[in-house]
Amino acid sequence: MPVDSYKFLPRSFRAGYEQGSFLADEPVWAPLEKPVTEASVALLTSAGVYLAGSQPPFDLEREKANPLWGDPSYRAIPRDVQQSQIGAAHLHINTRDILEDFNVALPIRALDTLAEEGAIGSVAAEHYSFMGFQERGAKEWQEQYGPEVAARIQAANVDALLLAPA
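In this note's numbering, the protein residues as written are 19 to 184.
And the structure:
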(Lines of atoms letter the chains of each structure in order from A; the text may use other names.)
(Lines give C-alpha, C1' and ligand atoms only; values in the text may rest on other atoms or scores of the structure.)
Protein backbone atom coordinates (compact mmCIF):
# COMPACT_ATOMS: atom_id res chain seq x y z
CA MET A 19 0.00 0.00 0.00
CA PRO A 20 1.51 3.38 -0.99
CA VAL A 21 2.02 6.01 1.71
CA ASP A 22 0.84 9.55 1.10
CA SER A 23 3.93 11.45 2.24
CA TYR A 24 2.09 14.77 2.14
CA LYS A 25 -1.01 13.81 4.13
CA PHE A 26 0.17 15.32 7.41
CA LEU A 27 2.15 18.26 6.04
CA PRO A 28 0.82 21.74 5.37
CA ARG A 29 -0.32 22.07 1.75
CA SER A 30 2.33 24.72 1.08
CA PHE A 31 5.16 22.22 1.74
CA ARG A 32 4.26 19.94 -1.18
CA ALA A 33 5.54 22.18 -3.97
CA GLY A 34 8.89 22.60 -2.24
CA TYR A 35 9.37 18.90 -1.58
CA GLU A 36 8.50 17.97 -5.15
CA GLN A 37 11.45 20.04 -6.42
CA GLY A 38 13.84 17.46 -4.97
CA SER A 39 16.76 17.77 -2.61
CA PHE A 40 19.20 20.65 -2.37
CA LEU A 41 22.56 19.89 -3.88
CA ALA A 42 25.77 21.59 -2.77
CA ASP A 43 28.96 21.67 -4.79
CA GLU A 44 31.10 21.81 -1.65
CA PRO A 45 30.62 21.12 2.04
CA VAL A 46 29.48 24.16 4.00
CA TRP A 47 32.28 24.08 6.52
CA ALA A 48 35.15 26.29 7.59
CA PRO A 49 37.83 25.12 10.02
CA LEU A 50 38.16 27.09 13.26
CA GLU A 51 41.51 28.87 13.24
CA LYS A 52 41.93 29.02 17.02
CA PRO A 53 40.94 26.87 19.98
CA VAL A 54 37.22 27.11 20.73
CA THR A 55 38.16 28.17 24.27
CA GLU A 56 39.54 31.38 22.73
CA ALA A 57 36.88 31.89 20.05
CA SER A 58 34.20 34.56 19.88
CA VAL A 59 30.93 32.84 18.93
CA ALA A 60 27.74 34.20 17.33
CA LEU A 61 24.46 32.47 16.53
CA LEU A 62 22.32 32.32 13.40
CA THR A 63 18.75 31.08 13.78
CA SER A 64 16.29 30.17 11.04
CA ALA A 65 13.28 30.83 13.29
CA GLY A 66 12.26 34.27 12.03
CA VAL A 67 13.12 36.06 15.29
CA TYR A 68 13.11 39.86 15.21
CA LEU A 69 13.00 42.80 17.61
CA ALA A 70 9.30 43.63 17.95
CA GLY A 71 8.70 47.36 17.78
CA SER A 72 12.10 48.26 16.33
CA GLN A 73 12.53 45.85 13.38
CA PRO A 74 10.00 44.86 10.74
CA PRO A 75 8.67 41.31 11.00
CA PHE A 76 9.55 38.89 8.23
CA ASP A 77 7.22 39.09 5.20
CA LEU A 78 4.57 36.41 5.73
CA GLU A 79 2.03 37.83 3.28
CA ARG A 80 4.23 37.33 0.23
CA GLU A 81 5.01 33.80 1.38
CA LYS A 82 1.29 33.06 1.77
CA ALA A 83 0.81 34.17 -1.84
CA ASN A 84 3.81 32.13 -3.08
CA PRO A 85 4.57 29.14 -0.83
CA LEU A 86 7.93 28.52 -2.54
CA TRP A 87 9.19 31.95 -1.44
CA GLY A 88 10.49 32.83 2.01
CA ASP A 89 11.61 36.29 3.11
CA PRO A 90 15.39 36.13 2.54
CA SER A 91 16.29 39.15 4.68
CA TYR A 92 17.87 38.87 8.13
CA ARG A 93 17.70 40.69 11.45
CA ALA A 94 20.54 41.46 13.86
CA ILE A 95 19.72 40.55 17.46
CA PRO A 96 21.84 42.04 20.27
CA ARG A 97 23.34 39.78 22.93
CA ASP A 98 21.55 41.65 25.72
CA VAL A 99 18.10 41.26 24.15
CA GLN A 100 15.24 40.77 26.60
CA GLN A 101 12.28 38.45 26.10
CA SER A 102 9.88 41.41 26.01
CA GLN A 103 11.66 42.68 22.88
CA ILE A 104 11.25 39.45 20.88
CA GLY A 105 8.87 38.82 18.02
CA ALA A 106 8.79 35.79 15.72
CA ALA A 107 7.36 35.52 12.21
CA HIS A 108 7.46 32.17 10.41
CA LEU A 109 4.72 30.18 8.65
CA HIS A 110 6.46 26.81 8.85
CA ILE A 111 7.04 26.52 12.59
CA ASN A 112 4.94 27.18 15.67
CA THR A 113 6.45 30.34 17.18
CA ARG A 114 4.53 30.17 20.48
CA ASP A 115 7.47 28.73 22.44
CA ILE A 116 9.86 31.33 21.01
CA LEU A 117 7.57 34.07 22.29
CA GLU A 118 7.75 32.45 25.75
CA ASP A 119 11.54 31.88 25.71
CA PHE A 120 13.53 32.95 22.66
CA ASN A 121 16.45 30.77 23.80
CA VAL A 122 14.69 27.72 22.34
CA ALA A 123 15.52 29.18 18.91
CA LEU A 124 18.41 31.54 19.63
CA PRO A 125 20.26 30.09 22.66
CA ILE A 126 22.21 33.19 23.68
CA ARG A 127 21.94 32.38 27.40
CA ALA A 128 23.43 28.92 26.78
CA LEU A 129 26.37 30.59 25.02
CA ASP A 130 26.74 32.94 28.01
CA THR A 131 26.99 29.87 30.27
CA LEU A 132 29.59 28.27 28.00
CA ALA A 133 31.65 31.47 28.11
CA GLU A 134 31.36 31.67 31.92
CA GLU A 135 32.57 28.06 32.15
CA GLY A 136 35.49 28.73 29.80
CA ALA A 137 34.23 26.32 27.12
CA ILE A 138 34.21 29.17 24.57
CA GLY A 139 36.19 32.38 24.56
CA SER A 140 33.34 34.89 24.38
CA VAL A 141 29.84 35.55 23.13
CA ALA A 142 29.48 37.97 20.23
CA ALA A 143 27.64 41.23 20.81
CA GLU A 144 25.32 40.56 17.85
CA HIS A 145 23.51 37.46 16.57
CA TYR A 146 21.43 36.92 13.43
CA SER A 147 18.02 35.63 12.46
CA PHE A 148 16.39 34.77 9.18
CA MET A 149 13.29 32.91 8.07
CA GLY A 150 14.53 29.46 7.16
CA PHE A 151 12.05 28.54 4.45
CA GLN A 152 14.02 29.81 1.43
CA GLU A 153 13.64 29.38 -2.30
CA ARG A 154 15.63 26.61 -3.93
CA GLY A 155 19.30 27.52 -4.12
CA ALA A 156 18.89 30.47 -1.72
CA LYS A 157 20.18 32.81 -4.43
CA GLU A 158 19.58 36.01 -2.47
CA TRP A 159 21.46 34.56 0.51
CA GLN A 160 24.36 33.56 -1.70
CA GLU A 161 24.56 36.91 -3.47
CA GLN A 162 23.48 39.51 -0.89
CA TYR A 163 22.53 38.50 2.63
CA GLY A 164 25.19 35.85 3.27
CA PRO A 165 28.02 38.20 2.28
CA GLU A 166 26.45 40.97 4.41
CA VAL A 167 26.32 38.76 7.51
CA ALA A 168 29.85 37.48 6.81
CA ALA A 169 31.14 41.06 6.59
CA ARG A 170 29.42 41.98 9.86
CA ILE A 171 30.84 39.02 11.76
CA GLN A 172 34.31 39.62 10.34
CA ALA A 173 34.16 43.31 11.32
CA ALA A 174 33.16 42.23 14.85
CA ASN A 175 36.06 39.73 15.03
CA VAL A 176 33.69 36.79 15.46
CA ASP A 177 35.47 33.48 14.99
CA ALA A 178 32.53 31.08 14.73
CA LEU A 179 28.92 31.37 13.60
CA LEU A 180 26.68 28.52 14.77
CA LEU A 181 23.41 27.71 13.03
CA ALA A 182 20.52 27.08 15.41
CA PRO A 183 17.97 25.62 12.98
CA ALA A 184 14.27 25.97 13.69
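In this text, a Cβ means the ideal position worked out from N, Cα and C, and glycines have one as well.
Item	Value
Continuous alpha helix (DSSP H) assignments of at least 4 residues falling wholly in the segment 120-148	126-134
8 Å Cβ cutoff met for residue 65 and residue 106	yes
Three-state secondary structure (DSSP) of residue 113	coil
Cβ-Cβ separation, residue 108 to residue 76 (assumed contact under 8 Å), whole Å	7 Å
Rounded straight-line distance, which links the Cα of residue 54 to that of residue 136	9 Å
Within the segment 60-111, ranges of the alpha helix (DSSP H) (whole runs, at least 4 residues)	78-83
Residue span of the beta strand (DSSP E) that contains residue 57, given as start and end	Taken as a continuous stretch (DSSP letters only), residue 57 belongs to no beta strand (DSSP E), as it is neither H nor E.
Whole-angstrom distance between residue 122 and residue 115, CA atom to CA atom	7 Å
Under 8 Å between C-beta atoms of residue 168 and residue 97	no
Within 8 Å, strictly: CB atoms of residue 124 and residue 95	yes
Cβ-Cβ distance between residue 141 and residue 59 below 8 Å	yes
Under 8 Å between C-beta atoms of residue 159 and residue 90	yes
Residues bridged to residue 174 [DSSP beta-bridge criterion]	DSSP output for residue 174 lists no bridge partner at all.
Selected residue, minimal CA-CA separation from residue 51, among 170, 176, 112	176
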